[in-house]
Each structure stands twice: as C-alpha cells, then as structure tokens.
Amino acid sequence: MAGAPQASAEQESSPPGVSGQGVPIELPELGSETTRVFANPSGTRTLEQFVRPFRARTPEGWAPVDTTLVRDADGSVRPKVTPMKVRLSGGGNSPLAALERDGKTLALSWPRALPSPELDGATATYREVLPGVDLRVTADVEGFSQVLVVHNAEAAANPALREIKFATSGLRIKAGENGKTLAVDESGNAVFESGTPTMWDTPAAARSAVEQEVEHHPMGLRVDDGELTIVPDAEMLTSPDTNFPLYIDPSYSGTQNRWVSVDSYSPNTEYWSTDRDTARVGLQTFSSPNGLHRSFFQVNTAPIAGAQVLNSWFAITLDHSGDCASQPVDLYQTKGIEAGTKITWNTTTETSTDKKWWLAKLDSRSAHANEAGGCGTAQPDVPMEFGSAALTTLVQNTANAKTGTLTFGLRAPNETTRLQWKKFYQNTARLVVEYNNKPRVPTNFTTVPPTSCGTAAAPIALNTASPTFSAIASDPDGDNVKGRLEILDGDTLVHSQDTPLFRSGGAFSWSSVPAGVLPDNQPTKVYNYRARILDSLVAGPDSPRCYFTVDRTRPVPPTISSTDFPDNTPVRSVGELGTVTFSRGGTDTDIAGFRYGFQQDKTTMWVAADAQGSATVPITVWDDMSSRPLYVRAVDRAGNISPLSPSWTLTAQVRTVPGTAVRADTNGDRRADFAMLFDQSNGRTAAWNFLSTGDGFSSGYVGWDTDVSGGFPMYRIKSANGDFDGDGRSDIAVLREDPDRKVRLYLLRSDSNRFDAESEPAWTGDYRLSHLRITAGDFDADGDDDLAVFQGLSGAQTKLWVHRSSGGVFAAPVQQWDSGANGLDVNHLSPVAGDFDGDGDDDIAGFRGAPGALQTKLFLHVSNGSTFAAPASQWESTTFDRSKATFVTTNVNGDTTGKDEIVAAYNRGGTSTQVQIFAANGSAWSVAVGWESTAFDSLKSSLAAGDFNGDGKGDIASLYDTGNGQRQMYTFVSTGTAFADKRTDWQGAVADVADAVYIEPGRKYRLQPSHTEKCSGIPSGNVADGGPFQQQDCVASAAHQQFELDRIGSTPYFQIKTAAGKCLDIPSWKHEDNVAIGQWTCEPTGAPQANQQFRLDYVRGSGMDVVVQPRIVHSDKCVTVAGGGTATNTAITQVACSGAAYQRYILRIEP
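Under the UniProt record's numbering, think of the first position of the sequence shown as 1, with each following residue one higher.
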C-alpha cells in the first residue's frame, strides 16, 4: 500500500529519512527483534510486526539476522547475528548445542566425543559420529535443528540407532503431547520447545525439475532425568524400500513468533521443526507425494493494545507459484496456533459440521513468481499485501480487546487446481498497522492552589470566579498535544479553553478562566470541570468531573455562648478548664470552622465546625489574665472570612491553682494534655492542641499557625515540648535552621490556650539540623525544663549540649559529653528524658542502634543537677530494632518516688504493634509488654505521654493517621503495670499530606552535587542560549550559581531558572545518556515543555541539608555530573538514574 514502510527479513530497508522531509522516521527505542515502529509525517505511527525475528541487538545497535556460522576463539561455533544465543560444539566433549534466553539455558550433548565440524552457511556437519552417519546441526533465528544423516543400509543396521540418547542440562525437559517436549524453568514456564521428532527418506527421482516433497514419519520419544531418548522407526531403518540417505530430526526453538504449515498427505503431522524453509499454500502435484498445503501465522498485537487503528495490511513475499500467470490466494483470520494446540491438517480443516477454525475471509490477492526460468523468463519474487476494511476492523477489535495475538491463514481459493500452488518466504510475513494512540487521561489535574475534587452532592467551594487549573499531559506516542479545559453547567458547556501545542509528558497550566464566565453572586450554583488531552487526530478520555461552586460572599459574624464563661461574668476559676461555643450567624449553611484569638488582629487559632456550623473549644483563664477579650471569625468552605464577632470578655474567679505542676500540661489545670507540631503542606506548620477533660480530650484545635510559607516549614525545624519558663504550662521549643546556615532557637510560650511565638530568637548558633536529635527535661531540678541537643559530627562522633533555661531565657549551650571519633553516629540514636532514678533531676536515656545489625542498646546519662555522668549501658537486645520504635517517658506505675518509665510503641511489621515498658531497677532495666495489637500500625501514630486523667499514673495517647488527613485520638489509660485498650476520644482532620520536598516560593537555591559539595552553575556572565550547566567551585553570593525553582501549577514538576532568566534544558528533546544540559529560553507560559521540567525526588536530610535527586521529566533520566567527576567545569548531563552520589544534590536555600 502507498506509503507503507517496506522491509525484508534478510536485509532491512535503508533509513527512511530525517524529520521534516516528509518520510517516516524509525523509532529504534520502540523496536524489538520482531518489531519496527515508524513515526509518520502525519503524526501517526506505523507498526511492522514480523512473525519471526528479522534482526538482533548487537553492541553496535540493531543488525539484520545472519545465521552464518563462525568459530569463536575458544573453538565453539555460533551464528553471526541472532536474537537468541545459540552455541554449537567445536568438537570434543562440549555440548552439541546450547540455547540461552534471559539467562536460562538448555544444552544437548551427544554421548560420544564429536569431531570438529565442517561449516557451510548456517549448518555445521559432524562427520561419522557413527559409522556411515553424519550429524548435521543448522542454526535458526529461534533455535537450531539437528539431523542425523544415515547414508546407507549398513549404517542403518547399527544397534546404536535403535535408541538415540542425548544428555540434557540446564532447563528441565518435560514431555508434551504428540511427541513434543518442552524445556521449562523452575516455575514450570516453557522457555524452549521441540516439535514432534520425525524421520524421512530421500524421495524417488521426480519427473520434473520441481523440488521434491518429503513424507515425514513420527518417531517415539522418552524423557528421563537429564536424558532425552529418540526411538526411530525400526521398520524404516531396515526396510528394503527405504531410499538413502535417511534423515532423523529432533530440534528445539523458542516459544514465540509462531508460524506453521500443514498438508493433507501427512494429515496428522505437525511441522514445528521440519519443512520450515518456506510457507506452502495450495495443491502440489508437481512431485510425489501430492497434497494440499495451508499456512498459519501468529503475530503479536501487544504494541497496538488500546490504539486507534487507521489502516492495516498483511504483507508477505511470494517465492514461487505453480502458474506463470497471476493466481489468487486468500487471507483468513483463523483460530490461534497456541502452544499445546495440535496443529495438523486434520485438526485445522473444516468439515460440514465444524467451521470454527477458519473464522473469516479477509482478502484475496493474485501474483506469480518463478525465478527458475520455467516460464520462459525469470519472474522475480513478489511482495504481496493483503488489506481490506474487514482486516482493519479485525485489527481494531483486537486492539480494543487487548488480546495480545492475532492469527492469519493463507489458503488457495480453489484447492482442486495446482495452478494456485504457491510458496512464500515465511520470514517476511508481517502485520503492518498505521495507528495512533489516544492521549492518556490528564494527571494531577486540579486548581491552583490545589483543591479536592468535589462531587455533585458535595461540591467544593471556590472563592474566585477566575480559577486557574493545571495538569500533566501524557501521550503514549509522545506526540505534540494540547490540553482542553471545560467548564460545564450540568452537561451544558459554559467555557472551553485550549493550551498551545506542546510535547507530551510535561506539566502545564491553563490561563485563568476569564471574568464573566462564572457568576460571583450565586454561591449555591453548582458547576463542574473536566479536562482532556488532544493530539492532532484524536482526543483522549476525559478526566473525572469535579463539581464546584463559586462563593465570594463573606459569612456573617458568628455568635459566642458559654455557661462556663458568660460574657464578663466569672463562673469558672483561674486555671480551671471550661468551654466556649461558636455558632454560625444568620442563615450561613457552609461554615467550615472558626478563627479566634484574644486580639482583634491576631485571630490565628482554628477549630473545625460540625455539620450544624458550630464548634466548642476549651478555654482556660490564667491568673495573670483573669479577664481577657475573645474574638472570633467564621470561615466558610470557600475560605471566605467573616467580620469579627462582637468582643466577648472571658473572666474567672481569682485563685491560686491547687496542686503541683505536671509534665505536658498545656493549660495548667494539673492534667497532662496533647500538643504537637504538624506539617500542613505548602510550608505551613501548626501546633495542634488537645486538652484533657479528665475522662477524654477536648476537640482538637490549632493553637499556633504559621500560615502558608510562614517561615517555619517543617523541613527546617525540630521541636521539643517542656515547661521552659516554669509557670506550670508546657511550651514548645523550636530549633530552626536558616539560609545563613545558622540555627535559631525560638520559644512558643503557652498562655493556657495558645502558643505565642516570641519575635526574636532565644539563641543563635551553629548546629546542623540534619544531624541533630533533641529532647527536653528539668536536668537541674529548678522547675524550668532545659533543652538537650545531641549534635552529630563527621566520623561517627556525637556531642551532647545542654541549654539551661531560667524563666524561659535560655543560656548558651554547654557541652556535657563527647563520644569521640567513631563513638556514636547520631543517626542511630533515639534520646528521651525523664527522672529514671527518682532523685528529682531528669536524666537522658539513649537507645542506640548498630549500623548494619539488628541490635539496640540502652545507655543512661545520669544528671547530678549540674552535669551528666558518662553514659552507662543498661540494656541490650539483638531482636529489638530502634528505628521501628517511638519512645516517650512517663511515670506509668505512679510510684511516690516519681521515677519515670520509658514507653516504646514498637512496630513488629505491618499492622502489628507492641507497646513495651522499660523500667529502671537500680542498675538493671526490665521490659514488660504494656499492650499489643495486630490491627494497629505504630508508624502511623504520633505518640505522647502524661497523666491525662489526674490519677497519678502516666498514660499514653496516640493521634493516629487514618488517611487523607484524617486522624483519631486514642487514649491508653495506665493500670499501673500495663495499659488498657485504646479508647477513641476524638476524630477529625488534622494535617494535609506533607510535601516530600518543599520549595519556598520566590527564593533562590543552590544545587550542590553531593559527592563533592561543590556548586552547579552556568559560567559567569553567560546569558546565551546553550550556556552549559557545570559543576563549579562555590563562590559566595554568585548569582550564576543560584536558581529559582518555579512549580508548574499544582503539579510536582518545576522549571529551574538561571540568573539569565532562562531555563535548564535538554537540547532537542534528546533521550540518550550523556547529553549535556544547558540553559535555553523558557517556553511560554501555558505551553511549557517536558525537556525543561524536573521532578525533585527526596532522598534524605532536613534543614539546609536536604538531598534530592533531580529527574528530567521528558526522559525520566537524572541530572548527573558527567562520569562522577570532581573537577571544576565538569559538564552536567542526563544519564539513566542509578542512585549514585553524583546524581544527588544538596538543595540549599540562599539567604
């Protein structure tokens, strides 16, 4: 057919051209031994799927199959180029023939030493392996055939030919049906197979010059462990009618790329290993034996699974015809010729009652060929192509069904005349399909910033009438595509918007929906949006519809009510927990929650509303603020915030709070509470508070919130809870690492309801956050908790520093201990603080793991009030893995000495968890099981401890991640020796899924190769397209070594922009390894290209030592310092990802 790429199995066609010249271009990366794929100028692709391998991969690339045998240096023999490894004996006792595929080998050995073979093309002949008997082995693209050539009756009388034994090794030989054998792997999968072993004699001389047909006789076969025995027909060996030479043939081949012929003169014979030189069709009466022939071809259709089929044809080259004029041949769809199915004339021939094998006639074509000169002049071989609407429909249906194979049959229309007799080159048989794959459903499709996908019953509310959307496009063919956004009212299209064309694989954004498309005054009107990707021919499937409303109406101010704290009326006492209720105002029905606080301009606390638009929050009034105003705002689901409510005055009865302070008491009511920092994503960090009510916990609320990009992203901080100012209320100490590589200590002071962050740091110093562990305790018994910092250094060295606190003022750290070089790797340390000896001073316990071994040791740093004793080993285990445990401390048994125990929530694998209690008994420690479950994953648990119910015994609480930002608060009450089963005290949303790598908007970053910690950059002053991306010596404040990482919409992909305002770029969309990366003009907004996009895969680290592996979107390869070089100006290239250090970069934000 016009425009179809032509190919031959013997020799590939010449390269079809280059882009832009209007010819198809082969795509080698999509090819295989049996497949070629071409990109057409029209944007479609053409698949040539051969029945048999026509090429093989070599170190130099693809090469045509060449079965010519050559000798290697070790004397063995092999074909020059075949897709399957075939090796023949060079003589001696080595295996006669061996096949290898995917590391799986089958070898057959002759029972005697072999002579050196004579090589002729693809055949090796071993002379006189028995008297008068040669062994001939022929290599094929899929395996080998071996034939014993018995030259005369004397040789045939040799008793050694009554049973011919071959030793087997490698894969196990398994007997199949009809005399076949299979070579199977350990899983029982067939790797190689043999046909039925047959023997035949030399046909009597024919009356014409036409090649003689032969009649095959099946032989017996026996399979034993490590041995294969062929049993020839004894009568044929000794019959006076046998015409010598006599041939005895067992062979093996691969199990794919199948074709076979059948004939009527041997109607029960299968021809998987014999008569495979050509595919025969029609009535043959030119030589004896006479008979009808048909041929079957099975092709792999997996490459077009799911594709849109535009055209298709079956191609094969005619070698010889029985008539000098063109005669027809028919193409059919037939049943499959699968392994295990007996394929003979009788099993594939229709009868009056069985018409199930030849399923449908697809086309008929005529041709003639006769190079022997019998027609007066030589008629050359003729490439034939069968094509029809029926064939294209069949191929389309097969692609839709993704069935994997399709089988065709060739037969003569009139099988009573020898004029339609034909022979075809079986190695040219192929299915040719012009196709186009639909683009895939867009991924990461959402608004910017991201919102969840609403349903028709629960639409998401947007607070803008001009939303922006982004997505990632993917087309299986890598075509140029565009993204189409649609806004609908029900099924009625309201707005449609296309991006410019761009290459598949990248992230992109649509421009904002124009003003006027969506009303901003109909907050109950429900719309939906969807998207699809289109190439030049067809649209891909739609994304799921997401439903939304546009709500820009502010809620009315909420109302406040309380029986514990009536407006300006004291009922509760100072230090006593009470509650206040916020309720929606007016007719608002979509209240999501409330922001509240004690200053008009600082309503930063947050609590979620219930379905009725109300929320009850815990409130405690402290002695130094026995009267304070309360302000609240309502927030609807669209994020609209109401005006302030009227001020409500909280007041309490003045008193001295009875009892003594307890650990972890946030509000000062002498009961422990739960307070913890959580990553809310997008650089937002929040302190969630759960106050104990004595028999449970209050609703969770946010007691401190940085808001988005608020300066305390979780990756740059570490925190510890403690009463650092000694006022009986637990605070939070935060260490933050900043771009100047300094670590600053901030104190979040509790005022009983919220945490107030002091504007200035309490201390600034030189810790490294990524190699740091902290814990807090009252190490000097002065009533103020102190901060202990274990700082890891190079060479497996760790130092312990302590910041003493006095009234919330932290002193400079004082070193308490040094492990020395190779003494302790801080990455294998889990420290906790508690009073383990009951002397009133908190001590530090450290669980240490052993690198590369399942071993954990417990060391104790005992405090004497001013210093710590050297750590002493207390306990060790070779079955306890420190890294799978979370540790907290509390006085579990409530003993009067105040001694703390250590509680470990230990993950035993999957959802199996055991809570273990470590208790000090003098210089020894005991371990007891406090609780266990096979339906609790401790790795999803945020654990805290304290006396939550005020009974003097320490309990534990878990804020358990149930998925999608939802959590449940479980309380485990201490019995004194163990813990009661978990009790659910609260459930709700706490935190979004944290960003794997958070990029702070508008900031500059350095990318420092981790193997050298040099910098990467563009040469200083280079602003040209193509400026090289290199490894360089770091220069302070050098703009050419700083990059802006711009997220594309709400996707995880980034453009990396240089000081010249250009983008890092892989030129010409190349996919090969070692392509140099450079800077290039950024593609326009709305049409970014995937060769200028990168994904930052998190590897390890925190603070200023976050290590990422940048991955290039279009090629899925990694940004690599060429060759792992350490020199300045080494090029940075794209190379397949391997996890090497020179593919990983320290991501450091600039000051």
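No residue lacks a Cβ here, since even glycine has one placed at the ideal position from N, Cα and C.
Note that the structure is a prediction, hence the values are computed from the model and not measured.
DSSP three-state assignment for residue i, whether helix, strand or coil
i	result
SER509	strand
VAL133	strand
ASN1091	helix
VAL70	strand
ALA1140	coil
MET219	coil
PRO658	coil
LYS525	coil
Rounded separation between residue i and residue j - CA only
i	j	result
ALA762	PHE755	15 Å
residue 1153	ASP947	The structure shown does not extend to residue 1153, since the chain spans only 1 to 1151, so no value can be given for it.
TYR265	GLU227	33 Å
SER1010	ARG1148	11 Å
LYS525	PRO459	10 Å
SER819	GLY898	30 Å
ASP785	THR553	47 Å
GLN420	ASN40	37 Å
VAL70	VAL77	6 Å
PRO303	ILE902	59 Å
residue 1152	ASN682	No answer is possible for residue 1152: the residues shown for the chain start at 1 and end at 1151.
GLN256	VAL141	The predicted position of GLN256 is uncertain, since its pLDDT is 48 and thus under 50; no value can be drawn from it.
THR1058	PRO1028	11 Å
HIS676	PHE972	A quick correction: the sequence has Met, not His, at residue 676. Straight-line Cα distance between these residues: approximately 18 Å.
THR1120	GLN1134	6 Å
GLU805	LEU787	The question names Glu, but residue 805 in the sequence shown is Ser. Near 8 Å, if we compare the C-alpha coordinates of LEU787 and SER805.
VAL1107	CYS1034	17 Å
ALA234	ALA378	44 Å
VAL81	THR58	8 Å
ALA1122	THR1130	7 Å
PRO245	ALA160	17 Å
C-beta contact flag for residue i and residue j at 8 Å
i	j	result
residue 1153	ASN437	Residue 1153 lies beyond the stretch modelled for the chain, which goes from 1 to 1151, so this question has no answer here.
residue 1170	ILE956	Only positions 1 to 1151 of the chain appear in this structure, which leaves residue 1170 out of reach.
GLU270	ILE337	no
TRP313	THR334	no
TYR247	THR317	no
ALA507	GLY1002	no
GLY613	THR587	no
THR685	PHE724	no
GLY575	ILE619	no
LYS422	SER321	yes
ARG729	SER759	no
ASN568	THR651	yes
Host beta strand (DSSP E) of residue i (start-end)
i	result
LEU292	291-300
ALA307	Here ALA307 belongs to no beta strand (DSSP E), and DSSP marks it neither H nor E.
ASN384	Note that residue 384 corresponds to Met in the displayed sequence, not to Asn. It spans 382-386 - the beta strand (DSSP E) in which MET384 sits, taken as one unbroken run.
ASN436	422-436
MET676	674-679
TRP931	924-933
LEU462	460-462
ALA63	61-64
THR581	577-583
Extent of the continuous alpha helix (DSSP H) run through residue i
i	result
GLN396	389-401
GLU154	153-156
Item checked: Contact the stretch 152-170 vs the stretch 119-128: 3+ CB pairs below 8 Å -> By the C-beta criterion, the stretch 152-170 is judged not to be in contact with the stretch 119-128, since fewer than 3 inter-stretch pairs fall below 8 Å.
Check: Is the stretch 1050-1070 touching the stretch 959-968 in the sense that three or more CB pairs, one from each, lie closer than 8 Å?
Finding: Result no; under three Cβ-Cβ pairs closer than 8 Å.
Next item on the list: Pair every Cβ in the stretch 83-101 with every Cβ in the stretch 298-309, then say whether three or more of these pairs are closer than 8 Å.
Entry: Fewer than three Cβ pairs drawn from the stretch 83-101 and the stretch 298-309 lie within less than 8 Å of each other, which leaves the two stretches out of contact.
Notebook entry, point to check: Is there contact between the stretch 595-609 and the stretch 627-641, where contact requires at least three CB pairs shorter than 8 Å?
Noted result: For the pair of segments examined, the stretch 595-609 was found to touch the stretch 627-641: the number of CB pairs separated by less than 8 Å reaches three.
Note to self: Under 8 Å: do the stretch 830-847 and the stretch 730-747 share three or more Cβ pairs, one atom per stretch?
What the structure shows: The stretch 830-847 vs the stretch 730-747: no contact.
Check: Are at least three pairs of beta-carbons, each pair with one atom in the stretch 272-287 and one in the stretch 187-205, less than 8 Å apart?
Finding: With three or more CB-CB distances shorter than 8 Å, the stretch 272-287 counts as touching the stretch 187-205.
Check: Any chance the stretch 929-936 sits against the stretch 901-916, with 3 or more Cβ pairs inside 8 Å?
Finding: With the cut-off at 8 Å, the stretch 929-936 and the stretch 901-916 touch.
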